[in-house]
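K.L.:
Residue numbers (our numbering): 2 to 542. Yeah, the Cβ is synthetic: ideal placement off N, Cα and C, and Gly gets one too. No experiment lies behind these values; they were computed from the predicted model shown. The following block contains the structure, expressed as structure tokens.
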Ligand code: ADP
């Protein structure tokens with residue numbers, strides 16, 4: 002028997018309509034590329050999103066066409082999120098940190114018709130212009146008097162175009178399963194792959210993200226998303242903001258410690274969201290000027306593992322709780338999250354820190370499991386490692402125009418991560434499956450080793466890879482970058498690790514380097530390092 006409830010579609014435009022009706026005066030604050038601070042309200046954003054929709058109609062954009070953005074976190078990008086998806090087109094948020102050839106690939110692969118671009122990124126497009134000939138026009142997100150000299154053809158000023166449009170627009174209703182936005186993975190091998198989110202998946206993800214034991218957002222929250230709107234939709238926060246009416250503080254291009262601190266002091270957010278490297282910069286900056294976070298209660302960290310020292314620093318120096326979260330472009334991105342709860346409250350601090358290091362529990366709506374290479378599910382004992390599989394209504398079911406189905410297995414998505422899951426469903430990422438080191442048949446987590454070693458006060462960054470070994474197949478070697486002026490040698494690093502890791506995990510070599518390669522999203526790029534150092538232990542035996 003079918004239920005007898007209304008079948009209203011879950012549409013992104015309905016989130017904005019809700020916010021405009023319910024939280025019209027909620028503030029949205031942005032640092033602009035122009036350098037100044039801009040403020041307006043949800044009501045203003047909703048009006049301008051409708052102007053964007055009228056503009057798309059004038060530009061001849063059809064249902065399902067891809068319209069791209071190349072922009073920082075700011076109010077104009079927020080309007081475009083709603084204007085483009087709400088209109089029925091697909092918002093393609095381009096990650097400017099991709100390499101030039103990847104940018105060319107994704108603009109062509111997505112068949113972007115127009116690109117809305119922040120001033121900062123105009124040169125990036127000029128550089129690839131000969132290779133993206135299918136783009137019909139470029140709209141620069143700036144005031145008329147700030148328009149740059151540019152080689153881009155068919156170029157327009159966003160503010161001039163918007164000024165000419167009406168702020169009346171009837172948002173269309175359509176199937177909630179239609180594509181709403183797309184994001185390409187940064188891909189450490191091969192070309193980036195497109196993940197096409199639907200209106201339904203976006204709305205469900207946003208609703209699943211706001212709860213007390215997830216992001217804990219409400220109309221009295223004020224949050225600062227440092228995670229970019231070009232990287233998995235800033236973890237869905239532009240949508241969560243409309244559901245809750247939380248105030249957003251957009252950092253624009255100012256992602257360095259000093260700019261972030263200035264904004265935090267001025268706007269007093271209670272929640273910050275970003276990747277570990279951003280928080281390292283902020284922590285260092287606050288240390289250097291002797292300041293402490295006053296308004297912040299929670300800091301959400303994801304994208305890479307949060308080191309133990311960071312968890313402690315936020316707690317002990319700033320009285321802020323680090324919420325560790327895990328996800329991927331393919332999971333919208335929130336898969337698991339580790340918010341404060343009764344289990345933690347009952348633990349002594351040192352044990353709580355260890356629990357905080359785990360990536361948390363699945364958000365209601367998604368399911369996770371670990372399996373072995375034969376596909377058999379492994380026990381949830383917090384010790385056994387396995388391939389982490391996930392499924393749920395905001396998890397990818399296939400890549401856009403790409404027949405690679407190697408990650409999809411019986412309705413589950415293979416995350417490429419290796420993890421443990423315990424009896425309370427706390428998941429802990431052990432490693433990426435291709436980065437885990439197999440020493441004599443046993444696994445060593447490169448992430449655990451890196452995060453322990455980086456606690457050494459003389460080290461700025463650490464990278465662990467497996468090198469071939471005649472007896473053990475593979476052994477870990479540790480590549481490190483010293484802090485400027487630090488007096489560190491191999492012995493002091495190994496002494497530091499002693500007692501903090503099991504003895505057989507001790508790296509066979511510590512190699513000092515000047516720099517380490519990263520992917521476009523700031524993760525260590527180990528593929529070339531593995532090749533370069535493959536025979537290091539054999540050659541130096
Ligand atoms: P990319 O486009 O580089 O794949 P994603 O953000 O999709 O960017 O990366 C997802 C991957 O990042 C995950 O599969 C996992 O390996 C890693 N990751 C994300 N969050 C965490 C975390 N909290 N701890 C450890 N690794 C993480």
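With a floor of 3 residues, list each beta strand (DSSP E) that falls wholly inside the stretch 69-118, ordered by position along the chain.
P.N.:
Taking only runs of at least 3 residues, the beta strand (DSSP E) segments lying wholly in the stretch 69-118 are 91-94.
K.L.:
Taking only heavy atoms of ligand 1 into account, decide whether any of them is closer than 7 angstroms to the Cβ of residue 418.
P.N.:
Residue 418 Cβ: within cutoff of ligand 1.
K.L.:
Indicate, with yes or no, if ligand 1 has a heavy atom lying under 7 angstroms from the CB of residue 206.
P.N.:
Checking the Cβ of residue 206 against ligand 1 gives no.
K.L.:
Provide the residue span of the beta strand (DSSP E) that contains residue 529, from first to last.
P.N.:
No beta strand (DSSP E) holds residue 529; the alpha helix (DSSP H) holding it covers 527-534.
K.L.:
With a threshold of 8 angstroms, are at least 3 pairs of Cβ atoms found where one atom belongs to the stretch 96-108 and the other to the stretch 119-131?
P.N.:
At 8 angstroms Cβ cutoff, the stretches touch.
K.L.:
Only counting runs of 4 or more residues, tell me where the alpha helix (DSSP H) segments fall wholly within the stretch 153-223, in order along the chain.
P.N.:
Segments of the alpha helix (DSSP H) lying fully in the stretch 153-223: 159-164, 200-210.
K.L.:
Quick check on DSSP: helix, strand or coil for residue 34?
P.N.:
Note: residue 34 maps to coil in three-state DSSP.
K.L.:
Rounded to a whole number of angstroms, what is the C-alpha to C-alpha distance between residue 339 and residue 346?
P.N.:
Rounded to the nearest angstrom, the two C-alpha atoms are 13 angstroms apart.
K.L.:
Compute the distance between the beta-carbons of residue 17 and residue 47, then report whether it is under 8 angstroms.
P.N.:
Contact flag set, yes.
K.L.:
Can you tell me whether residue 235 sits near ligand 1, meaning its C-beta is under 7 angstroms from at least one heavy atom of the ligand?
P.N.:
No, since every heavy atom of ligand 1 falls outside the 7 angstroms radius drawn around the Cβ of residue 235.
K.L.:
What is the residue span of the alpha helix (DSSP H) that residue 45 lies within?
P.N.:
43-59 is the span of the alpha helix (DSSP H), which, as asked, contains residue 45.
K.L.:
Does residue 164 pass the burial test, meaning 16 or more other C-beta atoms within 10 Å, or should it be called exposed?
P.N.:
Result: exposed.
K.L.:
Between residue 325 and ligand 1, is the CB less than 7 angstroms from at least one heavy atom?
P.N.:
At least one heavy atom of ligand 1 is nearer than 7 angstroms to the Cβ of residue 325, so yes.
K.L.:
Can you determine whether any heavy atom of ligand 1 sits closer than 7 angstroms to the C-beta of residue 334, and answer yes or no?
P.N.:
Residue 334: yes, Cβ under 7 angstroms from ligand 1.
K.L.:
Check the C-beta distance from residue 137 over to residue 115 and give it rounded, since I have them as a contact under 8 angstroms.
P.N.:
So it is a contact: roughly 6 angstroms between Cβ atoms.
K.L.:
I believe residue 544 touches residue 223 by the beta-carbon criterion, under 8 angstroms. Please report the beta-carbon distance rounded to the nearest angstrom.
P.N.:
Outside the modelled stretch of the chain, which goes from 2 to 542, sits residue 544, for which no answer is possible.
K.L.:
Could you tell me which residues DSSP pairs with residue 39 in its beta bridges?
P.N.:
Looking at the DSSP assignment, residue 39 forms a beta bridge with 31.
K.L.:
Counting Cβ pairs closer than 8 angstroms, one from the stretch 384-400 and one from the stretch 361-374, do we hit at least three?
P.N.:
The stretch 384-400 vs the stretch 361-374: in contact.
K.L.:
Between 402, 40, 479, which has its C-alpha nearest residue 264's C-alpha?
P.N.:
Checked all of 402, 40, 479; the closest Cα to residue 264 is 40.
K.L.:
Smallest Cα separation from residue 227: which of 219, 254, 493, 211?
P.N.:
Answer by Cα proximity: 254.
K.L.:
Terminal residues of the continuous alpha helix (DSSP H) containing residue 330?
P.N.:
It is not in any alpha helix (DSSP H) - residue 330 carries neither H nor E in the DSSP assignment.
K.L.:
Just to confirm, does residue 433 get its C-beta within under 7 angstroms of one of the non-hydrogen atoms of ligand 2?
P.N.:
What this structure holds is ligand 1, not ligand 2.
K.L.:
Indicate whether residue 489 and residue 479 have their beta-carbon atoms separated by less than 8 angstroms.
P.N.:
The answer is no: Cβ separation not under 8 angstroms.
K.L.:
Starting from the N-terminal side, write out each stretch of the beta strand (DSSP E) that is 3 residues or longer and does not extend beyond the stretch 377-450.
P.N.:
Entirely contained in the stretch 377-450, the beta strand (DSSP E) runs reaching 3 residues are, in chain order, 387-392, 413-422, 428-433, 438-440, 443-445.
K.L.:
Return yes when the Cβ of residue 448 is within less than 8 angstroms of the Cβ of residue 307, no when it is not.
P.N.:
No; because the gap between Cβ atoms is not below 8 angstroms, this pair is not in contact.
K.L.:
Which of the three DSSP states, helix, strand or coil, is assigned to residue 353?
P.N.:
It is helical.
K.L.:
Helix or strand or just coil, what does DSSP make of residue 294?
P.N.:
Note: residue 294 maps to coil in three-state DSSP.
K.L.:
Please confirm if the stretch 85-96 is in contact with the stretch 173-187, defined as three or more CB-CB distances below 8 angstroms between the two stretches.
P.N.:
Yes, they touch.
K.L.:
With distance defined between alpha-carbon atoms, name the residue in 4, 166, 207, 96 nearest to residue 12.
P.N.:
Checking every option, the nearest Cα to that of residue 12 belongs to 207.
K.L.:
Would residue 251 be called buried (16 or more neighbouring beta carbons within 10 Å of its own) or exposed?
P.N.:
Burial call: buried.
K.L.:
In the stretch 485-528, which residue ranges form an unbroken alpha helix (DSSP H) of at least 4 residues, counting only runs that do not cross its ends?
P.N.:
With a minimum length of 4 residues, the continuous alpha helix (DSSP H) runs that stay inside the stretch 485-528 are 491-498.
K.L.:
For residue 132, collect the residues of the same chain with a Cβ closer than 7 angstroms to its Cβ; drop the 5 residues on either side in sequence, then sort them by chain order.
P.N.:
Excluding residues within five positions, the ones whose Cβ falls inside 7 angstroms are 105.
K.L.:
Thinking just about the alpha-carbon of each residue, which of 519, 74, 374, 457 is nearest to the one in residue 235?
P.N.:
For residue 235, the nearest C-alpha among the options comes from 74.
K.L.:
Decide if residue 33 is buried, meaning its Cβ has at least 16 other Cβ atoms within 10 Å, or exposed.
P.N.:
Buried, because 16 or more other Cβ atoms sit within 10 Å of the Cβ of residue 33.
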